[in-house]
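Peer 1: So the protein sequences, as listed, match chains A and B.
So the first sequence is residues 7 to 121, counted in this note's numbering.
So the second sequence is residues 7 to 121, counted in this note's numbering.
There are 2 protein chains.
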Amino acid sequence: MSATGFAQLPEPPYYAVIFSSQRTPGDNGYDEMADRMVDLAHTQPGFLGIESTRGEDGFGITVAYFDSTENIAKWKANAEHRQAQAMGHRMWYQHFELRIAKVERAYGMGRPAAG
Amino acid sequence: MSATGFAQLPEPPYYAVIFSSQRTPGDNGYDEMADRMVDLAHTQPGFLGIESTRGEDGFGITVAYFDSTENIAKWKANAEHRQAQAMGHRMWYQHFELRIAKVERAYGMGRPAAG
Numbered sequence: 007m008s009a010t011g012f013a014q015l016p017e018p019p020y021y022a023v024i025f026s027s028q029r030t031p032g033d034n035g036y037d038e039m040a041d042r043m044v045d046l047a048h049t050q051p052g053f054l055g056i057e058s059t060r061g062e063d064g065f066g067i068t069v070a071y072f073d074s075t076e077n078i079a080k081w082k083a084n085a086e087h088r089q090a091q092a093m094g095h096r097m098w099y100q101h102f103e104l105r106i107a108k109v110e111r112a113y114g115m116g117r118p119a120a121g
Numbered sequence: 007m008s009a010t011g012f013a014q015l016p017e018p019p020y021y022a023v024i025f026s027s028q029r030t031p032g033d034n035g036y037d038e039m040a041d042r043m044v045d046l047a048h049t050q051p052g053f054l055g056i057e058s059t060r061g062e063d064g065f066g067i068t069v070a071y072f073d074s075t076e077n078i079a080k081w082k083a084n085a086e087h088r089q090a091q092a093m094g095h096r097m098w099y100q101h102f103e104l105r106i107a108k109v110e111r112a113y114g115m116g117r118p119a120a121g
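1) Drop a sphere of 10 angstroms on the beta-carbon of Gly94 of chain B, count the other beta-carbons inside from all chains shown, and report buried for 16 or more, exposed for fewer.
2) Excluding five sequence neighbours on each side, which residues of the same chain lie with their C-beta closer than 7 Å to the C-beta of Lys108 of chain A?
3) Using a Cβ cut-off of 8 Å (strictly closer), state whether His48 of chain A contacts chain B.
4) Chain A beta carbons: is any one of them nearer than 8 Å to that of Met115 of chain B?
5) Going along the chain, which residues of the region 87-104 of chain A sit with their C-beta nearer than 8 Å to a C-beta in chain B?
6) Strictly under 8 Å for the Cβ-Cβ distance: is Val69 of chain A near chain B by that measure?
7) Counting C-beta neighbours from all protein chains within 10 Å, is the total for Arg117 of chain A 16 or more, i.e. buried, or is it exposed?
8) Using only alpha-carbon positions, find the residue among B:His87, B:Glu62, B:Asp33 that is nearest to Gln50 of chain B.
9) Kindly list, in the order they appear in chain B, the residues whose Cβ is closer than 7 Å to that of Pro26 of chain A.
10) Once you ignore the five residues that flank Ile106 of chain B on each side, which residues in its own chain have a CB closer than 8 Å to its CB?
11) How would you label Gly66 of chain B, buried or exposed, when you count the other beta carbons within 10 angstroms and need 16 or more for buried?
12) Can you tell me which residues form a DSSP beta bridge with Arg60 of chain A?
13) Any idea if Ala92 of chain A is buried or exposed, counting beta-carbon neighbours within 10 angstroms, 16 or more meaning buried?
14) Buried or exposed, going by whether 16 or more other CB atoms sit within 10 Å of the CB of Glu57 of chain B?
15) Between which two residues does the beta strand (DSSP E) containing Ala119 of chain A stretch?
16) At what residues does the alpha helix (DSSP H) containing Ala92 of chain A begin and finish?
17) For Leu46 of chain A, which of helix, strand or coil comes out of DSSP?
18) Answer with buried or exposed for Gly35 of chain A, where buried requires no fewer than 16 other C-beta atoms within 10 angstroms of its C-beta.
19) Does the Cβ-Cβ distance between Gly52 of chain A and Asp33 of chain A come in under 8 Å?
20) Excluding sequence positions up to five away, which residues of its chain have a Cβ less than 6 Å from the Cβ of His101 of chain B?
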């Protein structure tokens with residue numbers, strides 16, 4: 007997956023889609039699709055940012071941020087994203103967990119709390 | 007950091023502390039402290055689980071789950087954790103972002119939505 011770095015987000019509240027996953031061995035087209043999904047996410051209504059990483063053990067966490075649960079539902083229903091989800095189920099993920107959460111407070115190194 | 011795998015969590019609602027960070031080069035005692043903090047987190051009131059990973063580029067995401075914002079505040083204020091936080095600021099992190107979020111819905115591979 008392409009490096010995403012830190013998301014530049016507005017003040018809370020906003021929503022997080024926390025996706026943790028364990029990859030199956032081998033690439034099988036995963037990296038290309040993951041890059042494509044990051045690009046596609048950026049074009050979605052209400053998309054705010056994304057952070058993603060994966061360790062050498064194949065365990066990864068991606069957090070995508072949106073302005074509303076309605077726009078998260080639209081992203082989930084996006085046709086190209088649905089195709090990627092199906093391939094994830096079939097080939098790429100041994101297991102995954104997905105949690106949708108409302109961000110209430112946020113702060114960063116050298117920046118005080120907001121929200 | 008020790009492998010955490012997937013957290014086994016109750017049905018929502020519960021809270022997530024989403025901590026994303028960019029490590030400075032070199033270990034400087036980080037791995038040992040990170041393992042210790044995971045162990046310590048498990049002993050905290052209201053702690054539900056933790057998932058954590060870091061890529062080869064040094065960018066990592068850790069999500070710790072608690073039952074309430076009150077218990078997140080207690081975890082933040084824990085004396086040994088505060089010492090680790092100070093060392094994180096001084097030595098281990100080039101940058102970090104922390105977001106506190108209320109998990110409203112959750113589902114996993116082969117498990118329907120809850121919450």
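Here a beta-carbon is modelled for each residue, glycine too, at the ideal position from N, C-alpha and C.
Just so we're clear, the structure is a prediction, and the values are computed from it rather than from any experiment.
Peer 2: Reading from the atomic positions:
1) For this step, residue 94 of chain B is matched to residue 88 along the second sequence. Buried is the call here.
2) Position 102 of the first sequence, counted from the start, is the residue given in the question as residue 108 of chain A. Taken in chain order, the residues that qualify are Pro19, Tyr21.
3) Working through the first sequence from its first residue, we reach residue 48 of chain A at position 42. False, the Cβ-Cβ gap to chain B never drops below 8 Å.
4) Stepping through the second sequence from its first residue, residue 115 of chain B is reached at position 109. By this cut-off, Met115 of chain B is an interface position.
5) Residues of the region 87-104 of chain A whose Cβ lies closer than 8 Å to any Cβ of chain B, in chain order: His95, Tyr99, His101, Phe102, Glu103, Leu104.
6) Your numbering for residue 69 of chain A matches position 63 in the first sequence. Residue-level contact check: Val69 of chain A touches chain B, since one or more beta carbons of chain B fall below 8 Å from its beta carbon.
7) The residue labelled residue 117 of chain A in the question sits at position 111 within the first sequence. Exposed, since its Cβ has fewer than 16 Cβ neighbours within 10 Å.
8) The residue labelled residue 50 of chain B in the question sits at position 44 within the second sequence. Here the closest residue by C-alpha is B:His87.
9) Walking along the first sequence from the start, residue 26 of chain A turns up at place 20. The identity of residue 26 of chain A in the sequence shown is Ser, whereas the question assumes Pro. By Cβ distance, chain B contributes Phe12, Glu57.
10) Sequence index remark: in the second sequence, residue 106 of chain B carries index 100 (1-based). Beyond the five residues adjoining it in sequence on each side, Ile106 of chain B comes within less than 8 Å, by CB distance, of Tyr21, Ala22, Val23, Ile24, Thr75, Ile78 in the same chain, given in chain order.
11) Position 60 of the second sequence, counted from the first residue, corresponds to residue 66 of chain B. It counts as buried.
12) Within the first sequence, numbered from 1, the residue matching residue 60 of chain A stands at position 54. A:Gly66, per the DSSP bridge assignment.
13) Within the first sequence, numbered from 1, the residue matching residue 92 of chain A stands at position 86. With fewer than 16 Cβ atoms within 10 Å of its Cβ, Ala92 of chain A is classed as exposed.
14) Translated into positions along the second sequence, residue 57 of chain B becomes position 51. Glu57 of chain B is buried by the Cβ-count criterion.
15) Your numbering for residue 119 of chain A matches position 113 in the first sequence. Its beta strand (DSSP E) spans residues 117-120.
16) The count along the first sequence starts at 1 and reaches residue 92 of chain A at position 86. Looking at the DSSP string, the run of the alpha helix (DSSP H) that includes Ala92 of chain A is 85-93.
17) Along the first sequence, one-based indexing puts residue 46 of chain A at 40. Under the three-state reduction of DSSP, Leu46 of chain A is assigned to helix.
18) Position 29 of the first sequence, counted from the first residue, corresponds to residue 35 of chain A. Exposed, since its Cβ has fewer than 16 Cβ neighbours within 10 Å.
19) Here the question's residue 52 of chain A lines up with position 46 in the first sequence. Here the question's residue 33 of chain A lines up with position 27 in the first sequence. No, the Cβ-Cβ distance between Gly52 of chain A and Asp33 of chain A is not below 8 Å.
20) Reading the second sequence from its first residue, position 95 is the one you call residue 101 of chain B. Counting only Cβ-Cβ distances below 6 Å, and skipping sequence neighbours, we find Gln28.
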